[in-house]
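Presented below is the structure to which this report refers.
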Amino acid sequence: MRSSRSGETAQTLILVGLILQGVELATLLLAGFLFLIIVPTFLGGLFVGLALIGVVWLVLVYLFSYARVRDGDYAGARTPTFVFAVLSLVTFALISGVLYLVAYVKLGDAEHEQGPSVAWNVATPAPPSLPPSGSKYCPRCGRPNPPGASFCQACGAPLP
Ligand SMILES: [Zn+2]
C-alpha cells in the first residue's frame with residue numbers, strides 16, 4: 152500500500168501515545184510491585200491487575216491501530232483508533248487520548264490521499280538508466296552489456 156504524509160503523521164502520533172501509556176503502565180507496575188513488597192495489601196494486587204489490563208491494552212492498540220497504519224491500512228485503522236481515543240479519554244489518559252484523536256483525523260486525510268481504490272496503487276516505474284558508454288548491445292535481445300562482456304547478461308547470447 153502507498154503511504155501518505157498524513158498517514159505518517161498518524162503513525163507517529165499513535166506511537167507517541169503508545170509510549171506515553173507504556174510509561175504510565177511501567178510506573179503503575181513498579182508501584183504495584185513496591186506495594187506488594189513493602190505492604191502486602193490488596194492495593195498492590197490492584198495495581199498489578201490494572202497494569203496487566205494495561206499490557207493487553209497496549210497490545211491491542213499496537214495490533215489494531217499502529218500496525219495497520221504502518222502497513223498502510225488507514226481505513227482499517229480508523230475505527231479502532233477512534234475507539235482507543237475515546238477509551239483513553241474516559242479513563243483520564245488525556246494526552247494519549249488526544250494524540251489518538253488527532254491520529255484518527257489524520258487517518259481520514261490519509262485515506263483521502265491514498266485514493267479510493269487499491270487499483271491506483273501502481274508503483275511509478277523508475278526512469279530507465281542510461282547504459283554506460285561503450286556498451287555492447289546484444290544482437291538477440293538488444294540489452295546493453297558492459298564493454299568487456301563476451302556473453303549477454305540478460306539472455307546469454309554470445310556478443311560480437
Ligand atoms: Zn541478449
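So for the sequence shown, this note's numbering puts the first residue at 152; every next one is plus one.
Using N, Cα and C, we set each Cβ at its ideal position, and we do this for glycine too.
Cβ neighbours of residue i in the same chain (closer than 8 angstroms, five flanking residues each side left out)
i: residue 306; result: 289, 291, 292 and 294
i: residue 310; result: 287, 289, 290, 296, 300, 301, 302 and 303
i: residue 308; result: 289, 290, 291, 292 and 302
i: residue 264; result: 155, 156, 157 and 158
i: residue 239; result: 168, 172, 245, 247, 248 and 251
i: residue 221; result: 162
i: residue 186; result: 192, 194, 195 and 198
CB contact check: residue i to chain E, cutoff 9 angstroms
i: residue 224; result: Included in the structure is just one protein chain, with no chain E present.
Cβ neighbour criterion (16 or more within 10 Å) applied to residue i
i: residue 207; result: exposed
i: residue 252; result: buried
i: residue 235; result: buried
i: residue 194; result: exposed
i: residue 228; result: buried
i: residue 177; result: exposed
i: residue 258; result: buried
i: residue 210; result: exposed
Ligand 1 heavy atom lying under 8 angstroms from the CB of residue i
i: residue 227; result: no
i: residue 299; result: no
i: residue 219; result: no
Close Cβ partners of residue i (< 7 angstroms) along its chain, the five nearest in sequence each way excluded
i: residue 166; result: 217
i: residue 233; result: 255
i: residue 351; result: No statement about residue 351 is possible, as the shown extent of the chain runs from 152 to 311 and does not include it.
i: residue 285; result: 298
i: residue 190; result: none
i: residue 231; result: 215 and 216
i: residue 219; result: 227 and 228
Contacting residues, own chain, Cβ-Cβ under 6 angstroms from residue i (five flanking each side not counted)
i: residue 250; result: 164, 167 and 168
Inset, instruction - Tell me, please, whether the stretch 169–177 touches the stretch 240–252 by the rule of three or more beta-carbon pairs shorter than 8 angstroms. - result: yes
Inset, instruction - Report yes or no: do three or more beta-carbon pairs, one from the stretch 175–183 and one from the stretch 194–202, lie closer than 8 angstroms? - result: yes
Legend entry - Any heavy atom of ligand 1 nearer than 6 angstroms to the CB - residues listed: 289, 291, 292, 294, 303, 305, 306 and 308
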